Amino acid sequence: MDDILKKYPNDVKVLIKNFPLSFHKQAMKAAQYALAADRQGKYKEMYHAIMEDFRKLKTNEDFPLEIGATLGLNVEKLKADAADPAIAAQISKEVDQLKNSGIARLSVPKFLVAGKEPQGRDLATFSAMIDAELKKKGK
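Letter 4 of the sequence shown, counting from 1, is numbered 225 in this note's numbering, and no numbers are missing.
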């Protein structure tokens, strides 16, 4: 996604929705910590760190707290914010939106370009779809 944003800085917006998988015990908590990190301006960093090493969540549900400390976050505030019912409500709303979206296979991470799922996860595939959409808009 970072490469796409570099290539299309004025034409592409990346929207991340939370969809913690029910069979992954720590997924909900990880989503809560990521949104809590956003309150300290570090959502992207927390998200990337969790996704890079997500397997550590299986044995350490508080792995995001360790990440938060390395990111220089106030860990006590991170804990308190993660427990805020407003964050749980946001995640629940996003899960409902995705379940009702008509997307056939819900998996994470899920990528869509103008509502369509790319058939590959490489820059060339995404670029072809983005370029086609931009052409439709006369850009």
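Positions of the beta carbon are idealized from the N, C-alpha and C atoms, including for glycine.
Bear in mind the structure is a predicted one, so any value in this text is a computation, not a measurement.
By the neighbour-count criterion, in which 16 or more other beta carbons inside 10 Å mark a residue as buried, Gly289 falls on the buried side. Excluding five sequence positions before and after Asn239, the CB atoms of its chain that fall closer than 8 angstroms to its own CB belong to Ala252, Ala255, Leu256, Gln311, Ile312, Glu315, Val316, given in chain order. The closest CA to that of Leu226, considering only Met267, Phe347, Lys358, Lys357, is found on Phe347. Two segments are said to touch when three or more pairs of C-beta atoms, one from each, lie closer than 8 angstroms; by this definition the region 228-245 touches the region 347-360.
The DSSP assignment places complete alpha helix (DSSP H) segments of no fewer than 4 residues inside the region 290-335 at 296-303, 306-320, in order along the chain. Contact between Ala248 and Leu299 does not hold, since their C-beta atoms are separated by about 17 angstroms, which reaches or exceeds 8 angstroms.
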